[in-house]
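Colleague: Counting the sequence shown from 1 gives a position; the numbering used here is that position plus 23. All residues carry an ideal CB built from backbone N, CA and C; glycine is no exception.
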Amino acid sequence: MQKTQMFRSVIIDVVSPNTNVAQAERNLIELKSLIKTYGSIDVGHIIQHRTKPDKDTFIGSGKLQELIEMVTNKKIDILILNDIVKPTQLFHITERLWVANPDIKVWDRVDLILHIFEKHAQTTEARLQIEIARMHHMGPRIYGLGGTYFSRQGGGIGSKGVGETNIERMKRHWRTLIKKKEDELKKQLEHRKGQVDHRKEQGVRHVALVGYTNAGKTALFNVLTGRNKISEDVLFATLSSTVGRLKGIGHENNLLVSDTIGFIQNLPPALIQTFKSTLLDVIHADLILHVVDISDELRDRKIDVVQEIVYEIGAGKIPQILVFTKADLLPEERWSEFEAVKKKYAAFPTMFISSTEDINIKKLTDTVSQALEK
Ligand SMILES: Nc1nc2c(ncn2[C@@H]2O[C@H](COP(=O)(O)OP(=O)(O)OP(=O)(O)O)[C@@H](O)[C@H]2O)c(=O)[nH]1
Ligand SMILES: [Mg+2]
Numbered sequence: 024m025q026k027t028q029m030f031r032s033v034i035i036d037v038v039s040p041n042t043n044v045a046q047a048e049r050n051l052i053e054l055k056s057l058i059k060t061y062g063s064i065d066v067g068h069i070i071q072h073r074t075k076p077d078k079d080t081f082i083g084s085g086k087l088q089e090l091i092e093m094v095t096n097k098k099i100d101i102l103i104l105n106d107i108v109k110p111t112q113l114f115h116i117t118e119r120l121w122v123a124n125p126d127i128k129v130w131d132r133v134d135l136i137l138h139i140f141e142k143h144a145q146t147t148e149a150r151l152q153i154e155i156a157r158m159h160h161m162g163p164r165i166y167g168l169g170g171t172y173f174s175r176q177g178g179g180i181g182s183k184g185v186g187e188t189n190i191e192r193m194k195r196h197w198r199t200l201i202k203k204k205e206d207e208l209k210k211q212l213e214h215r216k217g218q219v220d221h222r223k224e225q226g227v228r229h230v231a232l233v234g235y236t237n238a239g240k241t242a243l244f245n246v247l248t249g250r251n252k253i254s255e256d257v258l259f260a261t262l263s264s265t266v267g268r269l270k271g272i273g274h275e276n277n278l279l280v281s282d283t284i285g286f287i288q289n290l291p292p293a294l295i296q297t298f299k300s301t302l303l304d305v306i307h308a309d310l311i312l313h314v315v316d317i318s319d320e321l322r323d324r325k326i327d328v329v330q331e332i333v334y335e336i337g338a339g340k341i342p343q344i345l346v347f348t349k350a351d352l353l354p355e356e357r358w359s360e361f362e363a364v365k366k367k368y369a370a371f372p373t374m375f376i377s378s379t380e381d382i383n384i385k386k387l388t389d390t391v392s393q394a395l396e397k
């Protein structure tokens, strides 16, 4: 078995002065599962209370000293800033940490998500999408720093124009590179759109599974299609969309179901944009099964995040069934939540299922079949 390298990481979070520490720590839970998914050990975090991050080094000088000591003593490889940070902040904080570890990597939240995507990407299309998203994310960093350095290089009075010209040239070059990649992706997109149109012409109906990352979409996809895709307890296990035939309702050749990438809060718009082609199956679906982990304490917030993205990609008007899965994990003292959830989401048809324990799967396929007949 190939040995994967383990990294040691620490998180920095700047929170408003009136946030209590317990709440701030709770807010880091998701970031910590992202770190684990990346294959890194979470060694700790530093929370700083400030009205806003320091414009040069993100955190103030006292906390920076504490951080330098932590990086040295705990042999930290990766520093994660829980925000989308400015290029100069990223550069300055990295530079200050070189005394503690000259190879330190400093990432913001988007960098971390992109690195996870990169690790899980299996198709050419997924790799291309990640590359484009990365270019969009890195561009401002390059011209941001370019601004600092070119104007410094230029030196004296009247040289500002030289710096600006160079930056403009860099931006143009960067835009050309992105455009080339985007054209490549567009071609793939046209091909996929052709497949979608062809299926529609053949009268094939399409059901798309959507939901927050780790909700249980792939496990349900496997049960519905008899496939055996990897379903595991990490974030973003699935990156590209897979289509399978829906079993058990008699018209298998005409009924497809697709498993898709999971969503997460604070996903940068550039990422949603580049993943739109992966989500093509959602945009053109006849029915959406919005998969929710019922045992998750944060499920209401996650439902809102998913609904926002569903609207954003233009799939808001497609009929939707809210499928609450992992019902087997809900302890008896929380069973009253079944009724509460039904009431709260009365605007949608709701189902309670378990993919691993085969609870209500037959009922779900019957409901899907009826919904598609309407
Ligand atoms: N107990 C229980 N566990 C489940 C159920 N469905 C999924 N799981 C577990 O939940 C974890 C996540 O499941 P996935 O199916 O990979 O979730 P996903 O929504 O596809 O996640 P991403 O692809 O990462 O967005 C896995 O460890 C599954 O075994 C269920 O009905 N009951
Ligand atoms: Mg999945």
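How would you write the range of the beta strand (DSSP E) that Met-374 sits in, first residue to last?
Modeller: Along the sequence shown, read from residue 1 onward, the residue named residue 374 stands at position 351. Start and end: 373-375.
Colleague: So what's Ala-242 in DSSP terms, helix, strand or just coil?
Modeller: As a position in the sequence shown, residue 242 is number 219, starting the count at 1. Here Ala-242 sits in helix by DSSP.
Colleague: The alpha helix (DSSP H) that contains Gln-112, what's its start and end?
Modeller: To locate residue 112, count along the sequence shown from 1; it is residue 89. Residues 110-120.
Colleague: Which term fits Asn-408, buried or exposed, when burial requires 16 or more other beta carbons within 10 angstroms of its beta carbon?
Modeller: With the chain covering 24 to 397 only, the question about residue 408 has no answer from this structure.
Colleague: Do Gly-234 and Val-315 have their C-beta atoms within less than 8 Å of each other?
Modeller: As a first step, residue 234 is located in the sequence shown; it is residue number 211 there, counting from the start. As a first step, residue 315 is located in the sequence shown; it is residue number 292 there, counting from the start. It is a contact, given that the beta carbons lie within the stated cut-off.
Colleague: For Leu-232, would you say it is in contact with chain B, using Cβ-to-Cβ distances shorter than 8 Å as the test?
Modeller: Looking at the structure shown, chain B is missing, and only one protein chain is on hand.
Colleague: Between which residues of its own chain and Ile-58 is the CB-CB distance below 6 Å, once the five residues before and five after are set aside?
Modeller: Locating residue 58 in the sequence shown gives position 35, counting from the first residue. Taken in chain order, the residues that qualify are Ser-32 and Asp-65.
Colleague: Have a look at Val-122 and Asp-319 and give me their C-alpha separation to the nearest angstrom.
Modeller: To locate residue 122, count along the sequence shown from 1; it is residue 99. To locate residue 319, count along the sequence shown from 1; it is residue 296. Distance between the alpha carbons of Val-122 and Asp-319: 42 Å.
Colleague: Please classify Val-391 as buried or exposed, where buried requires at least 16 other C-beta atoms within 10 Å of its C-beta.
Modeller: Taking the sequence shown and counting its residues from 1, the one referred to as residue 391 is at position 368. Val-391 comes out buried.
Colleague: Does the beta-carbon of Ala-394, which I'm using as the reference point, lie nearer than 7 Å to any heavy atom of ligand 2?
Modeller: What you label residue 394 is simply residue 371 of the sequence shown in a count that begins at 1. No, Cβ of Ala-394 sits at least 7 Å from all heavy atoms of ligand 2.
Colleague: Could you have a look at Asn-43 and say whether DSSP puts it in helix, strand or coil?
Modeller: Within the sequence shown, residue 43 is the residue found at index 20, counting from 1. Residue state, collapsed to three classes: coil.
Colleague: How many angstroms separate the CA atom of Arg-175 from the CA atom of Ile-136?
Modeller: As a working note, residue 175 is residue 152 in the sequence shown. As a working note, residue 136 is residue 113 in the sequence shown. Because Arg-175 sits at a pLDDT of 45, beneath the cut-off of 50, its placement in the model cannot be relied upon, and the following sentence gives the value as read from the coordinates. Each residue's Cα considered, the two are about 33 Å apart.
Colleague: Helix or strand or just coil, what does DSSP make of Ala-394?
Modeller: For this step, residue 394 is matched to residue 371 along the sequence shown. Helix at Ala-394.
Colleague: Go ahead and pull the three-state DSSP assignment for Gln-25.
Modeller: Walking along the sequence shown from the start, residue 25 turns up at place 2. The predicted position of Gln-25 is uncertain, since its pLDDT is 46 and thus under 50; no value can be drawn from it.
Colleague: Among the residues of its own chain, which have a CB less than 8 Å from the CB of Gly-179, if the five just before and after it don't count?
Modeller: The sequence position of residue 179 within the sequence shown is 156, counting from 1. Its pLDDT being 44, under 50, Gly-179 is placed unreliably by the model, and the measurement read from it follows with that caveat. Answer for Gly-179: no residue qualifies.
Colleague: Smallest Cα separation from Pro-158: which of Phe-244, Ser-39, Arg-198 and Arg-119?
Modeller: Working through the sequence shown from its first residue, we reach residue 158 at position 135. It should be noted that the sequence gives Met, not Pro, for residue 158. The option with the nearest alpha carbon to Met-158 is Arg-198.
Colleague: Please list, following the chain, all residues that have a C-beta closer than 7 Å to any non-hydrogen atom of ligand 2.
Modeller: Residues flagged by the Cβ proximity filter: Lys-240, Thr-241, Ser-254, Ala-260, Thr-261, Asp-282 and Gly-285.
Colleague: Given that a residue counts as buried once 16 or more other Cβ atoms are within 10 Å of its Cβ, and exposed if not, what is Asn-96?
Modeller: Position 73 of the sequence shown, counting from 1, holds the residue named residue 96. By the 10 Å Cβ count, Asn-96 comes out exposed.
Colleague: Please report the residue range of the alpha helix (DSSP H) in which Asp-304 lies.
Modeller: The residue labelled residue 304 in the question sits at position 281 within the sequence shown. From DSSP, the alpha helix (DSSP H) with Asp-304 extends over 303-306.
Colleague: What's the call for Glu-92, buried or exposed, on a 16-neighbour Cβ count within 10 Å?
Modeller: As a first step, residue 92 is located in the sequence shown; it is residue number 69 there, counting from the start. By the neighbour-count rule (16 or more Cβ atoms within 10 Å), Glu-92 is not buried but exposed.
Colleague: Are the beta-carbon atoms of Ile-101 and Lys-86 separated by less than 8 Å?
Modeller: The sequence position of residue 101 within the sequence shown is 78, counting from 1. The sequence position of residue 86 within the sequence shown is 63, counting from 1. No, these two residues do not count as a Cβ contact at 8 Å.
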